[in-house]
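With the numbering used here, you'll find the sequence shown wraps up at 107, consecutive numbering, no jumps.
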Amino acid sequence: MATMKIKKGDTVKVIAGKDKEKEGKVIAINRKKNTVLVEGVNMITKHMKPSMANQQGGIVHQEGPIHISNVMYVHKGKPTRIGFKMDGDKKVRFAKSTGDTID
5 MATMKIKKGD TVKVIAGKDK EKEGKVIAIN RKKNTVLVEG VNMITKHMKP
55 SMANQQGGIV HQEGPIHISN VMYVHKGKPT RIGFKMDGDK KVRFAKSTGD
105 TID
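Below, the structure is given as structure tokens:
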């Protein structure tokens with residue numbers, strides 16, 4: 005299995021689908037299905053039954069998963085690809101457009 009180049013907390017831009025050109029922060033990543041949840045993108049409507057956590061129930065709007073290939077990391081306001089390189093004995097991510105290390 006390939007390593008995930010996008011991490012939780014990264015700012016990403018959607019490059020394909022109905023929410024194309026939208027930007028947001030990654031909330032969660034599903035490694036098995038290769039999907040990400042992005043804040044404010046791919047909003048779905050879910051009908052919730054009343055429960056202890058949600059006494060009222062009703063209709064809830066929440067983010068739906070997007071395939072990881074449809075998002076791109078945003079570095080300095082522009083979408084860029086991500087690569088890995090060794091910085092001494094530590095593996096770090098870097099932006100391919102500028103060559104800057106990300107973390």
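No residue lacks a Cβ here, since even glycine has one placed at the ideal position from N, Cα and C. The model shown is predicted, which means the values in this text are computed figures rather than measured ones.
Q: Decide yes or no for the touch test of the region 36 to 46 against the region 11 to 22: beta carbon pairs closer than 8 Å, at least 3 of them.
A: Three or more pairs of CB atoms, one per stretch, sit closer than 8 Å, so the region 36 to 46 contacts the region 11 to 22.
Q: Could you check if Lys94 is buried or exposed, using at least 16 other CB atoms within 10 Å of its CB as the buried criterion?
A: exposed
(Q) Once the 5 residues before and after Lys26 are set aside, which same chain residues still bring their CB inside 6 Å of it? (A) Val18 and Val45
Q.
Rounded to whole angstroms, what is the Cα-Cα separation between Val64 and Asn58?
A. 10 Å
Q.
On the DSSP bridge list, what partners appear for Val96?
A. Lys89
Q) In this structure, what does DSSP give as the bridge partners for Val78? A) Val78 is bridged by DSSP to Pro83.
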